[in-house]
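Report on the following structure.
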Amino acid sequence: MKKWCGIAAAAAVLAVGAGQVAQAADDYKSFGVRVRAIYVKPDESTGGTLSTLNTKVSDDIIPELDLEYFFTKNFSTELIAGVTRNDIKLNNGFAGSTWLLPPTLTLKYHPLAGSTFSPYIGFGLNVVFPFNSKVNGVPNFQIDNSVGWAAQAGTDIKITDNLYFNIDYKYLNVDTEATVGTEKCKLDLNPHLIGIGVGYRF
Numbered sequence: 410m411k412k413w414c415g416i417a418a419a420a421a422v423l424a425v426g427a428g429q430v431a432q433a434a435d436d437y438k439s440f441g442v443r444v445r446a447i448y449v450k451p452d453e454s455t456g457g458t459l460s461t462l463n464t465k466v467s468d469d470i471i472p473e474l475d476l477e478y479f480f481t482k483n484f485s486t487e488l489i490a491g492v493t494r495n496d497i498k499l500n501n502g503f504a505g506s507t508w509l510l511p512p513t514l515t516l517k518y519h520p521l522a523g524s525t526f527s528p529y530i531g532f533g534l535n536v537v538f539p540f541n542s543k544v545n546g547v548p549n550f551q552i553d554n555s556v557g558w559a560a561q562a563g564t565d566i567k568i569t570d571n572l573y574f575n576i577d578y579k580y581l582n583v584d585t586e587a588t589v590g591t592e593k594c595k596l597d598l599n600p601h602l603i604g605i606g607v608g609y610r611f
C-alpha cells in the first residue's frame, strides 16, 4: 500500500509540474504596440529617361507605429504604418519629391520568446502607395502603386515584463514604374528600413 501511495504521490507531483510547465508555455501577452524611429534608405534602380537623368531618391528618417499579435508564444504577426517623404534628384540636383505610404504585414518567429534578449526573423508582404509625386519640368509625373515581399530581423530587449526596447531591420521589395510625360520608366525603390524604438505588450 505504501508503495502505491508513493507512486500516486509522485504521479501527482509530476502532473502538477507538467501543468505548471504548460501554463508557463502559454503565459504570454498576446497584443503589443511599438513606436520606432526609422531610417529609410532606398536602393533605387531606374530605367529609360530616369536612368539617363541619373535619378536618385533620398533617404528619410520617420516615426513609425506598429501593432503586433502573438498567435502563440513563439509566432506573431506585425503590421507597420508610416509615411516617408523622399526628395527626387536628377543629375545630382533637387528636382522634386514624393510621399510613400508602405503598410507592411509580416509573420515573425521568436525562438527565444520570453528571454531578456528575444531575437526574431520575419517574412511577409508590403504594399506601397506613392502620392503627391512631383518633378519640376516633367508633366504628368506619377509613381505607380506596388506590391512586393518583405524580410525582417531584429530583437526585443526586455526592460520590464510589459516594456521592452527594440532594434529592427526590414528590406522591402518595391518594384514599380514612374510615368515621365508619356513614357513609362522602371523605378525600383527597394528600401532598407533600420529602426530603434520601444514597445508595450499586454
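Residue 410 is where the sequence shown starts when you use my numbering, and the numbers rise one by one after that.
Even glycine gets a Cβ: it sits at the ideal position worked out from N, Cα and C.
Own chain partners of Gly505 with C-beta closer than 8 angstroms, once the 5 adjacent residues on each side are dropped: Asp496, Ile497, Ser542, Lys543, Val544, Asn545, Val547 and Phe550
Assigned secondary structure, Thr591 (DSSP; H/G/I helix, E/B strand, else coil): coil
Given a cut-off of 8 angstroms, decide if Phe440 and Phe611 are closer than it, judged by their beta-carbon atoms. Between Phe611 and Phe440, the C-beta spacing is below 8 angstroms.
Rank Ile552, Asp577, Asp565 and Ile603 by C-alpha distance to the C-alpha of Val583 and give the top, closest one. Ile552
Distance check for Thr486 and Asp597, CA to CA, integer angstroms please. 26 angstroms
When Cys594, Phe532 and Gly533 are compared against Gly456, the one with the closest alpha-carbon: Cys594
In its own chain, which residues sit with a C-beta less than 8 angstroms from the C-beta of Thr464, not counting the 5 before and 5 after it? Glu453, Thr455, Ile497, Lys498, Leu499 and Leu596
Count the other CB atoms, across all protein chains shown, that sit within 10 Å of the CB of Pro515; report buried if there are 16 or more and exposed otherwise. Per the sequence shown, the amino acid found at residue 515 is Thr instead of Pro. Counting Cβ neighbours within 10 Å, Thr515 comes out buried, since at least 16 surround it.
Endpoints, beta strand (DSSP E) assigned at Gly557: Ser555 to Lys567
From what residue to what residue does the alpha helix (DSSP H) around Thr461 run? Gly457 to Thr461
CB-CB under 7 angstroms to Phe503, same chain, minus the five flanking residues each way: which ones, in chain order? Excluding residues within five positions, the ones whose Cβ falls inside 7 angstroms are Asp496.
Given a threshold of 16 other Cβ atoms within 10 Å of its Cβ, counted over all protein chains shown, does Lys579 qualify as buried or as exposed? buried
Can you give me the C-alpha to C-alpha distance between Val536 and Thr525, rounded to a whole angstrom? Going from the Cα of Val536 to the Cα of Thr525 covers about 33 angstroms.
Give the straight-line distance between the Cα atoms of Ala431 and Phe484, rounded to the nearest whole angstrom. Summary for Ala431: the model assigns pLDDT 38, below 50, so the residue's position carries little reliability; its value from the coordinates is reported in the next sentence. Roughly 17 angstroms between the two C-alpha positions.
Taking only three categories from DSSP, how would you classify Glu487? strand
Pick helix, strand or coil for Leu598, following the three-state DSSP scheme. coil
What is the rounded straight-line gap between the Cα of Asn599 and the Cα of Asn571? If I take the Cα positions, the gap works out to 34 angstroms.
Helix, strand or coil: which one does DSSP assign to Gly546? coil
With a 10 Å radius around its C-beta and 16 neighbouring C-beta atoms as the bar for buried, classify Gly533 as buried or exposed. buried
Starting from Tyr518, follow the beta strand (DSSP E) in both directions and report where the run begins and ends. Thr513 to Tyr518
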